[in-house]
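Engineer: Take the sequence shown: its letters are residues 1 to 70, numbered as in full-length UniProt numbering.
Each residue gets a CB set at the ideal place from its N, CA and C atoms; glycine is no exception.
Quick one: this structure, given as C-alpha cells, is what I'll be asking you about.
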Amino acid sequence: MRNRKKIDKIGVLAAITVAVIVIILALVFISFPFIGAFGFYEILNGWGLASIDFFEDTFDNVLYFALFSL
C-alpha cells in the first residue's frame, strides 16, 4: 500500500508540473502579439540571443521564446 501512495504522489507532481508548463506556454503564446517584435528583440538581446535567424518566422520567434523562458 505504501508504494501505491508514493506512485500516486509522483503522478500528482508530474501532472502539476505539466499543467504549469502548459499554462506558461499558453501565456507566452497569448502575450507575444502584445510584446511585439521590438520587445521580443530587446528580451533576446538582454539574454545575448538576438540574431537575424530569430526573426525569419513569427512562429519560430514564439517557439524560441517559449523554450528559452523555461
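Is Ala66 near Leu27, with beta carbons less than 7 Å apart?
Structural biologist: Their beta carbons are not under 7 Å apart, which means Ala66 does not touch Leu27 by this criterion.
Engineer: Between which residues of its own chain and Ile23 is the CB-CB distance below 6 Å, once the five residues before and five after are set aside?
Structural biologist: Within the same chain, Ile23 has no close Cβ partners at all.
Engineer: Would you tell me roughly how many angstroms separate the C-alpha atoms of Tyr64 and Ile21, rounded to the nearest one?
Structural biologist: The alpha-carbon atoms of Tyr64 and Ile21 are separated by roughly 15 Å.
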